[in-house]
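Below is one structure, written out as structure tokens; comments come after it.
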Amino acid sequence: MKLKKLSAVLTAMLCACSISAPVMQTNAVDEFSENSLVDVITLHKWLKGQGSLDNWKRFDYNHDEKINIFDFVLMKQSIIKSAKPVFSDASVELSKDMQSQEVTGKEADESFINGQTKFALELFQNVVNADGENENIMISPYSVVQALGMTANGANGETKSQIEQTIGSMPIEDLNQYLYTQRTTQPNDETCKLSTANSIWIRDDIKRIQVKENFLQTNADYYNASVFKAPFDDSTVNDINSWVNENTDTMIPEVLNKIDDSILMYLINAVAFDAKWLSTYCEDDIWEETFTTADGSEQIVEMMHSEEYCYLEDENATGFFKYYNGKRYAFLSLLPNEDISVTDYVNDLTPEYFQNLFAYKDNYAEIADVAIPKFKCNYQVSLKETLSVMGMPVAFSDFADFSGITETTSRELGDVSQITFIDISEKGTRAAAVTIISDAPTAAPPRPEKSVILNRPFVYSIVDTENNLPIFLGVLNSVPQAE
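If you want it as structure tokens, here you go:
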């Protein structure tokens, strides 16, 4: 597609992958101390007129020179956020005893960006084609690459080369370095956060599986992967779900309801995105309008209106970028012309087209009236067939070689599945993804002349504007209605 004018926001959401099971992990946080609990109890008693407060300023959580119920609520929230998920005694964290090795990363360059853009679009196109035109879809290619990157560190032979070519077109040793830098340079503050967590779960049965130390060490060093040995019973189901819930900021509370006896290992990645709009909406910016769904029916939805400076247009679509706070990430929307279906439009997207979006977005300052529907939705998909078609079928076959993982049997991958969540409102966007891999089994501007009203099916992405990469990719064919 040839660009005429451009200015858009990419909003990408994604799940994470893991070998043989779903596990999401954020950066490790120390458990809250007993002293913190004592402070909560002390403040609670003081608010009821009992006891006294020594050094009252440390109880002033909102810094308003007053001590009241608001400080009590903030204190409790702070403790909850700083606490690690509580696991059963049956799950043992082996990585606590592992000494981290110093590794170096690589800054994103043309080779990395081109490889990741190609993978993201091809994955997106395959999922959209498989699920039809009426489904709301959202994936996180970033999450999938994190999970499959860990997996590739245990692959050998043709299995390894196929995974490498599929997820980045480069040796895994190089991809490890790029992904390390990408993961460790993400913002993490109250107005814009992208957190990434990885974990490996191993069945506590030494006769059936003995995992190689080098595999675990490499993934701990480059992916900060926590390693757990567990019985793979109901307690492990609860522990994995607890880990995922914590590392997706409660957006994805559950990924498993049971573990088959044939499963020996899970590799899990979890991604959580939470960002405020750079330019927020007020009450007068939101009103009800009609959204026409992919099947032609009409819905009354809440639309958020604004003027955006990053307008884009080509012969097949119009679109825009809307930035999140800090401008490291942006929401990109692409509205196909009325005579083009979303599926056909997605199938025509190319890596070159996406890179042109980024190249031109800073060169065009034309503004437009835009409107985004408020929506919240979940999506779940198996990526086994998609990844096989994309170039790595051996990993799912009897000929798979994962001898770099285990001292015992070398088994094929059973499935790669992903669960995603997105919530777009007047405040900003919250999104999460989990990928699970298991073995077998200023002054007022002039009124704009352009407009992009997302009142029919459209493509969207959450994009990393620093590295010019989509983190989440989605299609909205209908607006989910509140239950």
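Residue numbers 1151 to 1633, in the working numbering, belong to the letters of the sequence shown in order. Here a beta-carbon is modelled for each residue, glycine too, at the ideal position from N, C-alpha and C.
CA nearest to the CA of residue i, picked from the options
| i | options | result |
| --- | --- | --- |
| Thr1468 | Val1609, Ala1302, Phe1508 | Val1609 |
| Thr1579 | Tyr1474, Ile1569, Asn1497 | Tyr1474 |
| Glu1252 | Asn1419, Lys1477, Thr1368 | Thr1368 |
| Tyr1495 | Thr1570, Val1190, Phe1274 | Phe1274 |
| Val1520 | Arg1353, Leu1482, Asp1247, Gln1315 | Leu1482 |
| Val1451 | Glu1439, Ala1444, Asp1445 | Glu1439 |
| Val1492 | Asp1445, Lys1524, His1455, Gln1505 | Asp1445 |
| Asn1407 | Asp1389, Asn1487, Asp1399, Pro1523 | Asp1389 |
| Tyr1529 | Thr1316, Asp1281, Lys1310 | Asp1281 |
| Leu1533 | Lys1256, Thr1192, Glu1272 | Glu1272 |
| Phe1237 | Phe1508, Ile1572, Ser1392 | Ser1392 |
| Leu1484 | Asn1419, Ile1603, Ile1517, Glu1396 | Ile1603 |
| Val1613 | Ile1289, Thr1398, Asn1419, Trp1196 | Ile1289 |
| Lys1198 | Asp1210, Asn1205, Phe1222 | Phe1222 |
| Asp1383 | Ile1402, Ser1412, Leu1366 | Ser1412 |
| Pro1523 | Asn1276, Ile1322, Leu1626 | Leu1626 |
| Tyr1373 | Thr1400, Glu1323, Ile1517, Pro1403 | Glu1323 |
| Arg1478 | Met1454, Leu1428, Ser1447 | Leu1428 |
| Ala1305 | Thr1442, Thr1556, Gly1624 | Thr1556 |
Buried versus exposed, by CB contacts within 10 Å (16 or more), residue i
| i | result |
| --- | --- |
| Asn1284 | exposed |
| Trp1437 | exposed |
| Arg1208 | exposed |
| Thr1254 | exposed |
| Ser1202 | exposed |
| Val1432 | Position check: residue 1432 holds Cys in this sequence, whereas Val was assumed. It counts as exposed. |
| Glu1340 | exposed |
| Arg1353 | buried |
| Pro1110 | Outside the modelled stretch of the chain, which goes from 1151 to 1633, sits residue 1110, for which no answer is possible. |
| Ser1611 | buried |
| Gln1631 | exposed |
| Lys1472 | buried |
Residue i versus residue j: straight-line alpha-carbon distance, rounded
| i | j | result |
| --- | --- | --- |
| Gly1299 | Ile1350 | 13 Å |
| Gln1336 | Asn1618 | 13 Å |
| Val1295 | Gln1332 | 12 Å |
| Ile1303 | Gln1266 | Correcting the residue identity first, residue 1303 is Asn in this sequence and not Ile. Their backbone Cα atoms lie some 18 Å apart in a straight line. |
| Ile1621 | Lys1343 | 13 Å |
| Asn1264 | Asn1338 | 26 Å |
| Val1361 | Ser1588 | 15 Å |
| Ser1319 | Pro1543 | 16 Å |
| Asn1395 | Ala1347 | 11 Å |
| Cys1527 | Ile1359 | 38 Å |
| Gln1200 | Leu1193 | 9 Å |
| Ser1376 | Thr1570 | 22 Å |
| Gln1175 | Ile1418 | Interpretation of Gln1175 is limited by its pLDDT of 33, a score under 50 that renders its predicted location unreliable; the figure taken from the coordinates is listed afterwards. C-alpha separation (whole angstroms): 8 Å. |
| Ile1572 | Pro1607 | 16 Å |
| Val1242 | Ala1297 | 21 Å |
| Phe1423 | Lys1216 | 33 Å |
| Ala1583 | Asp1239 | 27 Å |
| Ile1356 | Arg1561 | 16 Å |
| Val1277 | Asp1204 | 59 Å |
| Pro1501 | Asn1218 | 54 Å |
| Leu1325 | Phe1378 | 25 Å |
| Val1629 | Lys1426 | 21 Å |
Three-state secondary structure assigned by DSSP to residue i
| i | result |
| --- | --- |
| Lys1477 | coil |
| Thr1267 | helix |
| Asn1338 | strand |
| Thr1615 | coil |
| Leu1533 | coil |
| Arg1606 | coil |
| Glu1308 | helix |
| Ile1621 | strand |
| Glu1243 | strand |
| Lys1216 | coil |
| Ser1628 | coil |
| Met1320 | coil |
| Lys1524 | coil |
| Asp1204 | coil |
| Gln1249 | coil |
Min CB distance residue i to chain D below 8 Å
| i | result |
| --- | --- |
| Asp1434 | Reference to chain D is not applicable here, since this structure consists of a single protein chain. |
Would you list, in sequence order, the uninterrupted alpha helix (DSSP H) runs of no fewer than 4 residues that lie entirely inside the region 1350-1430? Within the region 1350-1430, the complete alpha helix (DSSP H) runs of at least 4 residues fall at 1363-1373, 1384-1397.
Pick out the complete beta strand (DSSP E) segments inside the region 1434-1475, 3 residues or longer, and give them in chain order. 1436-1442, 1448-1458, 1460-1464, 1467-1473
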